Amino acid sequence: MAGNATTYNYQAHWDDFGKDYDACRANPSGFGCSTILKMAGVTSRSIGEGVVENIDASGVAVGYTILGPDNQPRVIMEPAEYAIFSKLPPAWKENYLSQPSWSLDVASSIQRVQTGDFSGAMDHYGYMLGEPSYWADLTLNMALALGGYVLKLAPAVTAEGRIGGEIFKDTNQTARPPSLANANEPTLISNRVTTKATSTKKVLPNGNMADAHAEIGVIQQAFTAGKTVGASMELRVSGKAVCGFCRGDIAAMANESGLSSLTIKELATGKTLYWRPGMKSVKEVK
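All residue numbers for the sequence shown refer to my numbering, where the first residue is 101 and numbers rise by one.
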């Protein structure tokens, strides 16, 4: 088995380990070669459960090759990694083996830093940087993260409420500023939402300021500022129409806040909705 070290290493811990192994045999002083050449060992033996132990000339285990269901090598590990891997539950082991090469390399690097093996840490860090899949994953994940962040910041719905000369603004939940998105701040209709959620066995919004829709947030802000009791509010909503289930929640908010009337301008549809005391839902002006 040791005679096929190049083949085993090629399909092990790093996708291109075989190529690196051959390169290190030609130039043993190359970057990381001390680790690569050592892991191959001079002899090997099966220790069961799909694991092959690589042994050096002095009889010390210097690497472990994990075999797949087809009895072919999947990953090669140094003893420190294997000591952790061997204690993982079966499902975790499979997840570990399925990770991209650069992910295993950076895990090894972090482990070496924690144990004070800074030379070994730099070896593994270098292997990670040499993995094309690392840069591909990094670029893709950065693009997805940035795209998601931008989409999250861009409001899908914006609401602006006016009471006299006062203006209150809010957005949909994911675009709401952290200073306003407080999950511990209940809305005026938190009990109503909790009751509905319990009866329907669904997770519903509008119970707190972290998940409240923009229209609910505007009325809550105005109430907190002490401006709603006995007042009329004009609410302008842009981006999307008022969602169906929010119509009832908005009416409940208007009632609980003490508004005397509420007029809603839907800029996306051109429709006008209204609420008056006693109404269970906002309605469209015909």
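For every residue, glycine included, the Cβ atom is placed at its ideal position computed from N, Cα and C.
Here the structure is a predicted model, which means the values were calculated and not measured.
- Distance between A275 and P377 (C-alpha atoms, nearest Å): 31 angstroms
- Message: Using C-beta distances below 6 angstroms, list every residue in its chain close to R145, excluding the 5 sequence neighbours before and after it, in chain order.
- Response: E153
- Message: For A180 and A157, what's the separation of their Cα atoms in angstroms?
- Response: 19 angstroms
- Quick one: give me the first and last residue of the alpha helix (DSSP H) that L137 is part of. C133 to A140
- Of all the options G307, G141 and R174, which has the alpha carbon lying nearest to the alpha carbon of G150? R174
- Message: What does DSSP give as the partner residue(s) for F268 in the beta ladder?
- Response: G261
- Which of the three DSSP states, helix, strand or coil, is assigned to T324? helix
- Task: Using the Cα positions of K119 and K187, report the straight-line distance between them to the nearest angstrom.
- Result: 30 angstroms
- Message: Using only the alpha-carbon positions, how far apart do K269 and F185 sit?
- Response: 53 angstroms
- Does the stretch 322-336 come within contact of the stretch 290-300, defined as at least 3 CB pairs closer than 8 angstroms? no
- Classify P286 as helix, strand or coil using the three-state DSSP reduction. strand
- Item | Endpoints, alpha helix (DSSP H) assigned at G148 | No alpha helix (DSSP H) holds G148; the beta strand (DSSP E) holding it covers T143 to G148.
- Query: What do you get for T165, buried or exposed, if any count of 16 or more other CB atoms within 10 angstroms of its CB means buried?
  - Reply: buried
- Distance, A352 Cα to G345 Cα: Here the sequence assigns Phe to residue 345, which means Gly is not the residue at that position. Cα to Cα, F345 sits roughly 11 angstroms from A352.
- Message: Taking 6 angstroms as the limit between beta carbons, can you name the residues of its chain near A314, skipping five residues before and five after?
- Response: V257, A259, D270, T271 and N272
- Item | Backbone CA spacing between K193 and G168 [nearest angstrom] | 12 angstroms
- Determine the extent of the alpha helix (DSSP H) in which G389 is found, giving its start and end residues. Within the shown structure, residues of the chain are numbered from 101 to 386, placing residue 389 beyond reach of any answer.
- Item | The alpha helix (DSSP H) enclosing A183, as first and last residue numbers | P179 to F185
- Query: Start and end of the beta strand (DSSP E) containing G163?
  - Reply: A161 to L167
- T287 and A312: beta carbons closer than 7 angstroms? yes
- Query: Mind checking E178: buried by the 16 CB within 10 Å criterion, or exposed?
  - Reply: buried
- How many whole angstroms separate the CB atoms of T363 and E384, which I take to be in contact at a CB cut-off of 8 angstroms? T363 to E384, Cβ: 12 angstroms. No contact.
- Task: Select from E356, G317 and L367 the residue whose C-alpha is nearest the C-alpha of K380.
- Result: E356
- For W375, which of G317, R125, I147 and D349 has the nearest alpha-carbon? D349
- For G358, which residues of its own chain have a beta-carbon under 6 angstroms away from its beta-carbon, when the five flanking residues on both sides are left out? T328 and V329
- Message: What does the Cβ neighbour count give for N171, buried or exposed, with the cut at 16 atoms within 10 Å?
- Response: exposed
- Item | With 16 other Cβ atoms within 10 Å as the buried cut-off, status of V382 | buried
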